[in-house]
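Undergrad: Dropping a structure here in structure tokens format, bear with me for questions.
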Amino acid sequence: MNRRTLLSGSAAAALGLWGGTVRAAPYASRRIAVTVRGEGRDVVLIPGLASGPGIWNGLLSALPGYRFHLIHVRGFAGLPAQANQSGPLIQPLADEIARYITAAGLNRPPVIGHSMGGTLALKLGLSGRVGRVMVVDMLPAGAAMVGGTASGLGFLADQLSSYLTGTAAGRRYLAQIVTQTPGAKTSDPDVIANALRDLANVDLGPQLSRLTVPLHVVFAVGSDAQQAAAITRRFREAYAGAKGAVLKPIGPSGHMVMADQPARFLALCRMFLAG
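Going by my numbering, the sequence shown wraps up at 275, each residue one higher than the last.
Shown next, in the form of structure tokens:
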């Protein structure tokens, strides 16, 4: 290579750096996949345990003017598990979504998370990487969703995870549960077991007082008035540490509120995104 060629190459590199012709490497992850739909204000959507981005289809078609970043956890809804096959799951997923937000150049976008996705959304809110958080049908303590506590159910969850993934009988039982869960038939049983173990050990309640971004919590209630009142009380007590949190019951509904009450859920999402 002669001196002129070398100088020309150096000049081209400088123009690339200063002129913006060099593009960042495409985002790639062994924990999540991301699909971008629509044009407008950025919004991050995180589905729950064993679910894929399809749970948000009704929302996407009804909310023009937004650019939705659809998170798909590897190991759920047809994606190979890759790095999620073993080990901790919840915190690495939160870290990976935060990395995506940075790599994509998103400026503290609002995030909506359902179920386990709500836990991830809360973690992102506590980290300061997002500007607003909506949690859909999830308590700050994962164990509380089944009436327990992280200290009480954490050890049991660890043992249960070992049984479900480490024994033939446990794997058959977990596979049976998965096949009977809508939307989860193509999810990896090991990843589901890891997620359940992690969720049972997570309690973000003590950290809510340092949450500095707006928080909306949408939760499902049934048609029984007494039961609905008890659920409402439970959610309000659990989120009492988050100053200014907006809590909205929606029902009659099961856990998949976006499917059971699409019109009401859409109205609450519009209110949340309007800010």
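Built from N, CA and C at the ideal position, the CB exists for glycine as well.
Computed from a predicted structure; not experimentally measured.
How about A103 and G113: are their beta carbons less than 8 Å apart?
TA: no
Undergrad: Return the CA-CA distance between V135 and F68, expressed in angstroms with no decimal places.
TA: 16 Å
Undergrad: Per DSSP, what are the beta-bridge partners of L70 in this structure?
TA: T35, L45
Undergrad: Give the single residue among A238, H216, L215 whose Cα lies nearest to the Cα of G142.
TA: A238
Undergrad: Going by DSSP, what residue range makes up the beta strand (DSSP E) through F219?
TA: 215-220
Undergrad: Can you list, in chain order, the residues of its chain with a C-beta nearer than 6 Å to that of D260? Leave out the 5 residues immediately preceding and following it.
TA: S253, G254
Undergrad: Which residue wins for smallest C-alpha separation from V217, given the options N57, P110, M138?
TA: M138
Undergrad: Using the Cβ count rule (16 or more neighbours within 10 Å means buried), how would you classify G275?
TA: G275 should be labelled exposed.
Undergrad: Quick check: V338 and V130, are their CB atoms within less than 8 Å of each other?
TA: Only positions 1 to 275 of the chain appear in this structure, which leaves residue 338 out of reach.
Undergrad: Whose C-beta lies closer than 7 Å to the C-beta of A220 among residues of the same chain, with five residues either side of it excluded?
TA: D137, I250, G251, S253, G254, H255, V257
Undergrad: Classify K123 as helix, strand or coil using the three-state DSSP reduction.
TA: helix
Undergrad: Using 8 Å as the threshold, is the C-beta distance between R30 and G65 below it?
TA: no
Undergrad: Return helix, strand or coil for M258, following the three-state DSSP convention.
TA: helix
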